[in-house]
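Same order as they appear, the protein sequences are chains A and B. Quick note on the numbering used here: the first sequence kicks off at 1 and runs consecutively. Quick note on the numbering used here: the second sequence kicks off at 165 and runs consecutively. Reviewing the structure listed below.
Protein chains: 2
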Amino acid sequence: MENPSTSPLAMSVQVALSSWDMQNSRFLKLLDALTDEQLQSEIAPGRNTGVYLLGHLAAVHDYMLPLLGLGERLFPDLEEPFLRKPDKSGLDFPSVAELKSQYAAVNAALSTGFATLSPENWLEKHTSISDADFQKEPHRNKLNLLLNRTGHLAYHFGQVALLK
Amino acid sequence: MENPSTSPLAMSVQVALSSWDMQNSRFLKLLDALTDEQLQSEIAPGRNTGVYLLGHLAAVHDYMLPLLGLGERLFPDLEEPFLRKPDKSGLDFPSVAELKSQYAAVNAALSTGFATLSPENWLEKHTSISDADFQKEPHRNKLNLLLNRTGHLAYHFGQVALLK
C-alpha cells in the first residue's frame, strides 16, 4: 500500500490528510444515520441545531478552498446564515438534503485540490497571512490550517453525535 | 521565534504539536470556567457528564505515555471507571479537583516526553503495532497517534463546552 520511499515530510502530510479524511468519513456516516428531523433538533436544550452545524461546517470547509489557494468558494451563500449569523437568526436555511449535497461537493473539491499539492506545498503560507508575517511565523502554513480545521470538525462532530 | 533552518519534517511535527497544545489549552481554560456542579451535569439529557468526560480524557491521554514509549501510565486506576465502564456505572469517581490535577499531571508528563522525541522519532511506530504490521502500514506512527488523540480531545471538548 505505502511507498517505502515516501519522504519524511510526505509521510507526515499523509498522516494529516488521513486524519482529515477519517473525521470527514465518520461525520458523513453520522449524517447518514440521522433523520432530517433529528438533524433539525437542538444538540442540547437551547443550543445549536444539527442542521446549523452542518451548514456551518460546509461554510467553513468551503472557505478552505481560497485559503489554500485551491479556487473560489463553491457556495458563498452559506456565509451569511452559517458564519455571520448564529442559529435561529430567522434566516431561511437550505433543506437538509441540499446542505448534505453541498457539504459533499465541498469536500470533493477539497480532495481534488489536496491531490494537486506536493508535500512541500503544505508548508507554504495560506492566503490569509502576509509574506512579511509568514517570515516571522512560518508555522502558519497550509498544513496548520488543515489541522486546525480538522480539530474544528471534530469539535462540532462530537456535538452533532448527541443527536443519535 | 522560529528557527529558519527548521527541517520540513520538523516544521510539520511542530504544527501537529501546536495543534495538540492548542486543544489542550482551550480545554483547560474551559475547565477553569466551569463550576464543579456544572462539570457534574450531563452534557445533554441522558448523556455523559462533564466529569466522566474529564476522567475519560485523562485516562486516554495517560495511555499515550506507554503507547509513545514515554513511560508507564501515571494513573492506571482511571482505566476501570473511565475506559472500561460507561458513565453512571455506579463506580465512585475521584473528586473534580483530583481529576483536574491528574489531567494536568498527565499532560505535563506528555509535554516532557514529547520534548525528548526528535522529528524522526515521530515517524517511528507506536508500541501497539507489531514490527511486521508497521512494515506494511508505516502511517501507523507516533505522529498519527498524536493527531488521532488530538481529534478525540476536540470531539469531547465540543461536548463539554455545552456545559457553559
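Yeah, the Cβ is synthetic: ideal placement off N, Cα and C, and Gly gets one too.
Distance cutoff 8 Å, beta carbons only. Does residue i sit that close to anything in chain B?
i: Glu-120(A); result: yes
i: Pro-81(A); result: no
i: Gly-69(A); result: no
i: Gln-185(A); result: Because chain A is modelled from 1 through 164, residue 185(A) falls outside the range shown and cannot be assessed.
i: Pro-86(A); result: no
i: Pro-8(A); result: yes
i: Pro-138(A); result: yes
i: Leu-117(A); result: no
i: Gln-23(A); result: yes
i: Ala-154(A); result: yes
i: Leu-162(A); result: yes
Look at residue i and residue j and say whether their C-beta atoms are less than 8 Å apart.
i: Asn-212(B); j: Asp-241(B); result: no
i: His-139(A); j: Val-179(B); result: yes
i: Gly-315(B); j: Ala-154(A); result: yes
i: Ala-10(A); j: Pro-94(A); result: no
i: Gln-266(B); j: Phe-298(B); result: no
i: Val-260(B); j: Asp-226(B); result: no
i: Leu-99(A); j: Gly-55(A); result: yes
i: Leu-143(A); j: Trp-122(A); result: yes
i: Glu-80(A); j: Leu-91(A); result: yes
i: Ser-205(B); j: Leu-327(B); result: yes
i: Leu-17(A); j: Phe-114(A); result: yes
Within 10 angstroms of the Cβ of residue i, are there 16 or more other Cβ atoms? Answer buried if so, exposed if not.
i: Arg-313(B); result: buried
i: Pro-209(B); result: exposed
i: Gly-71(A); result: exposed
i: Leu-247(B); result: exposed
i: Ala-272(B); result: exposed
i: Ala-222(B); result: buried
i: Ser-300(B); result: The sequence given here places Lys at residue 300(B); Ser does not occur at that position. With fewer than 16 other Cβ atoms within 10 Å, it is exposed.
i: Ser-7(A); result: exposed
i: Ser-183(B); result: buried
i: Lys-249(B); result: exposed
What residue range is occupied by the uninterrupted alpha helix (DSSP H) comprising residue i?
i: Gln-323(B); result: 306-324
i: Ser-19(A); result: 8-33
i: Thr-112(A); result: 96-114
i: Leu-165(A); result: Any property of residue 165(A) remains undetermined from this structure, which presents chain A solely from 1 to 164.
i: Lys-85(A); result: Here Lys-85(A) belongs to no alpha helix (DSSP H), and DSSP marks it neither H nor E.
i: Leu-39(A); result: 36-39
i: Lys-136(A); result: 131-136
Can you find a C-beta in chain A that's less than 8 Å from the C-beta of residue i?
i: Asn-305(B); result: yes
i: Thr-314(B); result: yes
i: Phe-321(B); result: yes
i: Leu-274(B); result: no
i: Ile-207(B); result: yes
i: Met-175(B); result: yes
i: Ser-182(B); result: yes
i: Asn-308(B); result: yes
i: Gln-204(B); result: no
i: Leu-311(B); result: yes
i: Ala-222(B); result: no
i: Gln-178(B); result: yes
In chain order, what residues of the same chain lie with their CB nearer than 6 Å to the CB of residue i, ignoring the 5 residues before and after it?
i: Met-165(B); result: Summary for Met-165(B): the model assigns pLDDT 45, below 50, so the residue's position carries little reliability; its value from the coordinates is reported in the next sentence. Same-chain partners within the cutoff: there are none.
i: Phe-321(B); result: Phe-191
i: Leu-217(B); result: His-320 and Val-324
For residue i, which residues of its own chain have a beta-carbon under 7 Å away from its beta-carbon, when the five flanking residues on both sides are left out?
i: Pro-168(B); result: Model confidence at Pro-168(B) stands at a pLDDT of 49, short of 50, so the residue's coordinates are unreliable and nothing is read from them.
i: Leu-231(B); result: His-290, Thr-291, Ser-292 and Leu-309
i: Arg-73(A); result: Asp-62, Tyr-63, Leu-65 and Pro-66
i: Glu-288(B); result: Asn-305 and Lys-306
If you measure from the CB of residue i, is any heavy atom of the ligand NAP nearer than 7 Å?
i: Leu-217(B); result: Judged by which ligands are present, the structure shown has none, so any question about the ligand NAP falls away.
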